[in-house]
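Written out below as structure tokens is the structure these notes cover.
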Amino acid sequence: MNQNTELMQGGSIMELPVLEIKNVHKKYLSHSVLEGVSFSIPRGKIVGLLGPNGCGKTTILKLISGLLQLDEGEIRINGICPGQQTKSMISYLPERSYLNDWMKISDILNLFSDFYTDFDRERAEQMLTDLKISKEEKLKTMSKGTKEKIQLILVMSRRASLYLLDEPIGGVDPATREYILHTILKNFDENSSILITTHLIQDVETIFDQVLFLNQGKIVIDGEVDEIREKYGKSIDGLFREVFRC
Amino acid sequence: MLRKMLKYDIQAMSKTFIPFFIAILVISVFSALSMHLEWLIGIFGGATILFGLGIALFVTSLVLIITQFYKNVLGDQGYLTNTLPVSVDTIILSKLFSAIFWLISSGIVAILAFLIILMGSMDNVGDFFTSVAVVFQSAFDFISTPEYFKDALLIILLLVLLFIFAVLLIANEILHFYCAMSCSQIYPFTKNRIAGSFIAYLLINIPLSILTAVLFSAVGFTGTSFEWIQNLSGYPMMFIAILSVSLVILFLNILLYVPIRYILKNKLNLE
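Line by line, the protein sequences give chains A and B. Per numbering that gives the first Met the number 0, the very first residue in the first sequence carries number 0; after that it's consecutive. Per numbering that gives the first Met the number 0, the very first residue in the second sequence carries number 0; after that it's consecutive.
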């Protein structure tokens, strides 16, 4: 199926941007959340989607992952519209814990191995060993923080084209924050891209290649981190504080 | 993918159902022994516990079937379920089939419990096995007698049809629940999703009941309108009757399935 799409488009999948969003609109009833959002993410980039709470960051990730349907516009992942096919290309870390409490860690590893052909079980097991988490432990008995780490391990152990990380460092202690950033960088490869939403910019701005500022349903700044720093003469965090000043 | 999904859905519910089944069977054995030894307290106690377990199993099955779908598809776990590279049909059918599987298993356990108690009520346990052997022998003799062979096949076919009808009926109630819960993704039910699901259940129930009544009446009317149907007797008449009501239920199931599929595919709106 992948091959057919590539042939139809007359090029290799590697030449396409990992993600392309054009003029996306999304409303919840009469409340407009996204008003003509457009951006694209090339391969091999770590991109920060930044904005204040409730500005539509999660909505964008849900639209890309196929959990929501857009009202207007176009989203393409490796040239394909969100659907069953793109779900195997995207590794999505939601803000909420989606783990089944009845499972042991070994069960959730089995589930990922069963459904995702790109799941690198060895990599996941190694990361669990690093964190001294036993595969026989039940998810029910684990703390929220440990569950967050496990979810991140599962997501980053896939060899996906696009990783969508929704607030991966929100509400975790500094040591865990460091572990999470280390895990993201360690498992990232040049053929994939990562889109991270966060409002805790200071902690993560060093890992971004590109940033997108989302405000009132629109992208107000989109560019390479170094260029933005040079253009505005400020750090990304400083610029964020200025743009989103209350 | 359906097979893989089914494996996890059956496993998820096994954590509750299997302990129940074990408890029911153990209490059945206890009751059977009490009956056999004519120990009145044991008989009374066993019967009370079994009754309680039966009610608890029924309520738990209902709650589990509802919560499994709600939590796994529409709740937080839905963030995983709905991003797995599987179709919406796989998700719905896997939930439906696993629920039917556990309900049928509950039925089998109930029959086993009944047989165990029946065994205990007999003076001699050996009599029970002799009776079972006689029943099986008679059934075998009936099938292997050439002049009854056709009748035996028809009875088996009738039983299969009845089983399919029962499964379709169970599926109808489950899909009614699923449809109501799926409505919680749409405004105004999103305001309070749980209350919204209850209201949606009642609202769906009105047209569903009317349609069921109309379709069954239509089937009955058709049956009395055609002379050739009225002239049928015995098995053919029973086949036509069961087949007709099964088709009606199947039609209603499809009517319930379509909106569930549409909502999960196009209107999903997880919290």
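Just so it is clear, CB atoms sit at the ideal spot from N, CA and C, and this is done for glycine as well.
Status (buried if at least 16 other CB within 10 Å, exposed otherwise) for residue i
{"i": "residue 229 (chain B)", "result": "exposed"}
{"i": "residue 81 (chain A)", "result": "buried"}
{"i": "residue 167 (chain A)", "result": "buried"}
{"i": "residue 93 (chain A)", "result": "buried"}
{"i": "residue 20 (chain A)", "result": "buried"}
{"i": "residue 7 (chain A)", "result": "Caution applies to residue 7 (chain A), whose pLDDT of 44 falls short of 50 and renders its modelled position unreliable; the value that the coordinates give is listed next. Its Cβ having fewer than 16 others within 10 Å, residue 7 (chain A) is exposed."}
{"i": "residue 197 (chain A)", "result": "buried"}
{"i": "residue 143 (chain B)", "result": "exposed"}
{"i": "residue 219 (chain B)", "result": "exposed"}
{"i": "residue 218 (chain A)", "result": "buried"}
{"i": "residue 0 (chain A)", "result": "Any reading at residue 0 (chain A) is ruled out, since the residue's pLDDT is 42, under 50, leaving its predicted position unreliable."}
{"i": "residue 224 (chain A)", "result": "buried"}
{"i": "residue 113 (chain B)", "result": "exposed"}
{"i": "residue 205 (chain A)", "result": "exposed"}
{"i": "residue 82 (chain B)", "result": "buried"}
{"i": "residue 2 (chain A)", "result": "Note that residue 2 (chain A) scores 44 on pLDDT, short of 50, meaning its location in the model is unreliable; the coordinates nonetheless yield the value given after this. Residue 2 (chain A) should be labelled exposed."}
{"i": "residue 58 (chain A)", "result": "buried"}
{"i": "residue 126 (chain A)", "result": "buried"}
{"i": "residue 9 (chain A)", "result": "Confidence in residue 9 (chain A) is poor, its pLDDT being 49 and thus under 50, which makes the residue's placement too unreliable to answer from."}
{"i": "residue 4 (chain B)", "result": "buried"}
{"i": "residue 36 (chain B)", "result": "exposed"}
{"i": "residue 17 (chain A)", "result": "buried"}
{"i": "residue 147 (chain A)", "result": "buried"}
{"i": "residue 68 (chain B)", "result": "buried"}
{"i": "residue 134 (chain B)", "result": "exposed"}
{"i": "residue 91 (chain B)", "result": "buried"}
{"i": "residue 216 (chain A)", "result": "buried"}
{"i": "residue 149 (chain A)", "result": "buried"}
{"i": "residue 165 (chain A)", "result": "buried"}
Sheet register partners of residue i (DSSP bridge)
{"i": "residue 211 (chain A)", "result": "A:48 and A:221"}
{"i": "residue 30 (chain A)", "result": "A:27"}
{"i": "residue 236 (chain A)", "result": "Residue 236 (chain A) pairs with nothing; no bridge assigned."}
{"i": "residue 162 (chain A)", "result": "A:90 and A:193"}
{"i": "residue 40 (chain A)", "result": "A:18"}
{"i": "residue 230 (chain A)", "result": "Looking at the DSSP assignment, residue 230 (chain A) forms no beta bridge with any residue, so it has no partner."}
{"i": "residue 118 (chain A)", "result": "A:157"}
{"i": "residue 75 (chain A)", "result": "A:19"}
{"i": "residue 137 (chain A)", "result": "A:103"}
Option nearest residue i by Cα separation, candidates the options
{"i": "residue 46 (chain A)", "options": "A:195, A:232 and A:238", "result": "A:195"}
{"i": "residue 111 (chain B)", "options": "B:26, B:132, B:261 and B:99", "result": "B:26"}
{"i": "residue 263 (chain B)", "options": "B:89, B:21 and B:45", "result": "B:89"}
{"i": "residue 187 (chain B)", "options": "B:199, B:176 and B:178", "result": "B:199"}
{"i": "residue 136 (chain A)", "options": "A:106, A:150, A:147 and A:160", "result": "A:106"}
{"i": "residue 30 (chain B)", "options": "B:36, B:42, B:236 and B:22", "result": "B:42"}
{"i": "residue 259 (chain B)", "options": "B:44, B:194 and B:94", "result": "B:94"}
{"i": "residue 10 (chain B)", "options": "A:50, A:78 and A:109", "result": "A:109"}
{"i": "residue 23 (chain B)", "options": "B:53, B:14, B:13 and B:38", "result": "B:53"}
{"i": "residue 235 (chain B)", "options": "B:154, B:19 and B:2", "result": "B:154"}
{"i": "residue 220 (chain A)", "options": "A:161, A:30, A:29 and A:39", "result": "A:39"}
{"i": "residue 213 (chain B)", "options": "B:96, B:251 and B:121", "result": "B:251"}
{"i": "residue 107 (chain B)", "options": "B:20, B:266 and B:215", "result": "B:20"}
{"i": "residue 177 (chain A)", "options": "A:114, A:151, A:55 and A:50", "result": "A:151"}
{"i": "residue 193 (chain A)", "options": "A:90, A:179 and A:102", "result": "A:90"}
{"i": "residue 245 (chain B)", "options": "B:226, B:192, B:165 and B:216", "result": "B:165"}
Any non-hydrogen atom of the ligand SAH within 8 Å of residue i CB
{"i": "residue 248 (chain B)", "result": "Absent from the structure shown: the ligand SAH. Ligands present: none."}
Partner residues on chain D for residue i, Cβ-Cβ distance less than 9 Å
{"i": "residue 265 (chain B)", "result": "As a matter of chain content, chain D is missing from the structure shown, whose protein chains are A and B."}
Given 8 Å as the limit, is there contact between the region 238 to 247 of chain B and the region 198 to 209 of chain B, that is, 3 or more CB pairs closer than that?
No contact exists between the region 238 to 247 of chain B and the region 198 to 209 of chain B.
Does the pairing of the region 86 to 94 of chain A with the region 53 to 65 of chain A give three or more beta-carbon distances under 8 Å?
yes
contact_flag[the region 131 to 151 of chain B, the region 55 to 74 of chain B] where n(CB pairs < 8 Å) is 3 or more
By the criterion of at least three beta-carbon pairs nearer than 8 Å, the region 131 to 151 of chain B is not in contact with the region 55 to 74 of chain B.
Three Cβ pairs or more, each shorter than 8 Å: is that satisfied between the region 249 to 261 of chain B and the region 167 to 179 of chain B?
yes
Touching by the beta-carbon criterion (3+ pairs, under 8 Å), the region 207 to 222 of chain A and the region 182 to 190 of chain A
no
Interfacial residues, the region 3 to 22 of chain B to chain A, with Cβ spacing under 7 Å
3, 7, 11 and 14
Should the region 91 to 107 of chain B be regarded as contacting the region 120 to 127 of chain B, the criterion being three or more beta carbon pairs within less than 8 Å?
no
Stretch-stretch touch, CB-based, cutoff 8 Å, three pairs: the region 18 to 36 of chain A with the region 68 to 75 of chain A
yes
Contact the region 145 to 164 of chain A vs the region 107 to 125 of chain A: 3+ CB pairs below 8 Å
With the rule of 3 Cβ pairs closer than 8 Å, the region 145 to 164 of chain A counts as touching the region 107 to 125 of chain A.
Count the C-beta pairs between the region 65 to 72 of chain B and the region 175 to 195 of chain B that are closer than 8 Å, then say yes if the count reaches three, no if not.
Three or more pairs of CB atoms, one per stretch, sit closer than 8 Å, so the region 65 to 72 of chain B contacts the region 175 to 195 of chain B.
Would you list, in chain order, the members of the region 78 to 95 of chain A that have their beta-carbon closer than 8 Å to a beta-carbon of chain B?
83, 84, 86, 87, 89, 91, 93 and 95
According to a CB-to-CB cut-off of less than 8 Å, which residues of the region 105 to 130 of chain A neighbour chain B?
106, 110, 113, 114 and 115
Along the region 69 to 83 of chain B, what residues have a CB closer than 7 Å to any CB found in chain A?
75, 76, 78, 79, 81, 82 and 83
When you check each C-beta in the region 84 to 111 of chain B against every C-beta of chain A, which residues fall closer than 8 Å?
84, 85 and 86
Note down, in chain order, all residues in the region 238 to 270 of chain B with a beta-carbon under 9 Å from any beta-carbon belonging to chain A.
264, 265, 266, 267, 268, 269 and 270
Beta carbons nearer than 8 Å to chain A: which residues of the region 178 to 198 of chain B have them?
186
Taking only beta carbons into account, state which residues of the region 51 to 67 of chain A come closer than 8 Å to chain B, listed in chain order.
61, 64, 65, 66 and 67
Near-chain B residues of the region 9 to 43 of chain A - C-beta to any C-beta below 9 Å:
27 and 28
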